[in-house]
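>
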Amino acid sequence: MELTLKHTDSPYIRGIGFLYLRYAGPPEQIWSFIESSLQDEEELVIEAGHRGKRSTIGQFVRSLFSSRDFYGTSLPRLPIQTERDIQVKILQAEKIAERAFHYFKNQQRMRVFQT
Numbered sequence: 047m048e049l050t051l052k053h054t055d056s057p058y059i060r061g062i063g064f065l066y067l068r069y070a071g072p073p074e075q076i077w078s079f080i081e082s083s084l085q086d087e088e089e090l091v092i093e094a095g096h097r098g099k100r101s102t103i104g105q106f107v108r109s110l111f112s113s114r115d116f117y118g119t120s121l122p123r124l125p126i127q128t129e130r131d132i133q134v135k136i137l138q139a140e141k142i143a144e145r146a147f148h149y150f151k152n153q154q155r156m157r158v159f160q161t
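My numbering applies: residue 47 is where the sequence shown begins, and numbers increase by one.
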């Protein structure tokens with residue numbers, strides 16, 4: 047599993063690994079596998095029908111583990127407590143990333159608070 051999720055040749059191999067993890071992964075270990083990939087900016091195109099939808103690995107992972115549906119296919123349910131924990135951690139990671147983005151965007155303004 048680790049080799050598939052960390053594969054460097056293609057984002058599609060990693061995407062398949064995350065999809066497999068969602069279907070068959072041990073629920074108590076899911077967070078340890080997905081945590082480092084939530085902010086991954088490598089692009090992939092997810093095709094549904096005739097049109098392709100551009101996404102990043104991070105967006106793909108967040109959507110895969112925060113919903114019960116994947117392009118019209120019902121995903122297996124996770125234990126309720128595990129699902130809640132993962133969703134909370136995903137939201138926390140998104141907030142941290144958003145704050146970091148605003149910090150780097152406004153570095154000049156943030157320097158005022160450092161003195």
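We put the beta carbon where it would ideally sit given N, CA and C, even for glycine.
1. Between residue 98 and the rest of its own chain, which residues show a CB-CB distance below 8 Å, the 5 nearest in sequence each way excluded?
2. What do you get for residue 136, buried or exposed, if any count of 16 or more other CB atoms within 10 angstroms of its CB means buried?
3. Could you give the uninterrupted runs of the alpha helix (DSSP H) lying entirely in the region 100-124, keeping only those of 4 residues or more?
4. Just to confirm, are residue 57 and residue 103 a CB contact at a threshold of 7 Å?
5. Do residue 107 and residue 147 have their C-beta atoms within less than 7 Å of each other?
6. Take residue 126 as the anchor and find which of 48, 73, 52 and 68 has the nearest alpha-carbon.
7. DSSP beta-bridge partners for residue 91?
8. Below 7 Å CB to CB, which residues in the same chain sit around residue 68 once its five sequence neighbours on both sides are set aside?
According to the structure shown:
1. Excluding sequence neighbours, residue 98 sits near 91 and 92.
2. Only buried fits residue 136, as 16 or more other CB atoms lie within 10 angstroms of its CB.
3. Correct list: 103-112.
4. Yes, Cβ-Cβ distance for residue 57 and residue 103 is below 7 Å.
5. Inclusion of residue 107 and residue 147 in the CB contact set at 7 Å is not warranted, their separation being larger than that value.
6. Looking at the Cα atoms, 73 is the closest of the given residues.
7. According to DSSP, which records beta bridges pairwise, residue 91 is partnered with 100.
8. 110, 111 and 121, listed in sequence order.
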